[in-house]
Structure formats: C-alpha cells, structure tokens
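Okay, so here's the structure we're looking at.
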Amino acid sequence: MRFFSLFKVFIYRESGVTFLETVVALAVLGTIAVIFLGGLVTTSKAAFTADERATAESLGQSQMEWTQSADYIYGATQYPPAAIPGDKDYINYSANITTQPLHEPDDGIQKITVIVKRSGEQVLTLEGYKTDR
Numbered sequence: 643m644r645f646f647s648l649f650k651v652f653i654y655r656e657s658g659v660t661f662l663e664t665v666v667a668l669a670v671l672g673t674i675a676v677i678f679l680g681g682l683v684t685t686s687k688a689a690f691t692a693d694e695r696a697t698a699e700s701l702g703q704s705q706m707e708w709t710q711s712a713d714y715i716y717g718a719t720q721y722p723p724a725a726i727p728g729d730k731d732y733i734n735y736s737a738n739i740t741t742q743p744l745h746e747p748d749d750g751i752q753k754i755t756v757i758v759k760r761s762g763e764q765v766l767t768l769e770g771y772k773t774d775r
C-alpha cells in the first residue's frame, strides 16, 4: 500500500513551470542570442577589413616595385600603373601613382605616392622614392 501512495505523489503532483518563469527564461536566452550574434557580426566585419587591407597592401607594394623598376622620367608627375590581376581578389581595386621631384629642379630623385582604392574609396597610401642612378 505504501508503494501506491508514493506512486500517486509522483503521478498527480501539480508542481509545474509558471508562465513568468517561462518568460524570464526566454528573455535570458534571447539576450544571450543577441550578444552572440553581435559578436559574430563584429568578427565578420573585422575579417573583411583585414582581408581588404592585406589585398590593398599586396597590390600597392607590387605597384611601388613596378614604378621603381620603370625608367626614370624627368619632370614626371605620374607613372602608369602596372596591370592589376584579374582574379576575384582584386575586383574593384585601382591604383593611382603620382610623383614629385624631391628638389627643384629635378635632380634625379622623385617621391612616389601609390594610392590604392576599392570601389572608389581610398584604402591604402604608400610612399617611396625613385632615383635615376
């Protein structure tokens, strides 16, 4: 008989979860989800920015080397950029190469400025020198 009384306690027990407890639990889970998704968005943006910067640095460095190895032109204000690779990493990138003589009149040393843009917005600026030696 004692077994049946214990069985009744477990079967007919009316303790349950209240509506308020459920709402609080959902609010806590929702807050955690929002924080987690915010972290994912921030991480995604940081990875995109790092990739964009690395690609711009690679392109800018190759443009700088191309310009430094080209023939020296006295009085030049610009040099033509090297061909930009056509693969998907360099889509929407462009380079502008400007020069100015270090001294007036041009004595064979020019300051080179390479500006790398992506979709018309400046991403990177590199400066270097070119000599006629």
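As numbered in the numbering used here, the sequence shown has no gaps in its residue numbers, which increase by one up to the final residue, 775. Here a beta-carbon is modelled for each residue, glycine too, at the ideal position from N, C-alpha and C. These figures come from a predicted structure and were not determined experimentally.
{"query": "CA-to-CA distance, Ile-677 to Asp-748, given in whole angstroms", "result": "59 angstroms"}
{"query": "Backbone CA spacing between Thr-691 and Arg-760 [nearest angstrom]", "result": "12 angstroms"}
{"query": "Cβ shell of Ala-712 (< 7 angstroms), same chain only, five flanking positions each side left out", "result": "Tyr-721"}
{"query": "The stretch 684–703 contacting the stretch 761–768, beta-carbon criterion three pairs below 8 angstroms", "result": "yes"}
{"query": "For Tyr-721, three-class secondary structure by DSSP", "result": "coil"}
{"query": "Straight-line Cα distance separating Ala-675 from Ala-667", "result": "12 angstroms"}
{"query": "Arg-695, enclosing beta strand (DSSP E) - first and last residue", "result": "Element bounds for Arg-695: not the beta strand (DSSP E) but the alpha helix (DSSP H), 661–711."}
{"query": "Beta carbon of Gln-710 nearer than 8 angstroms to that of Gly-762", "result": "no"}
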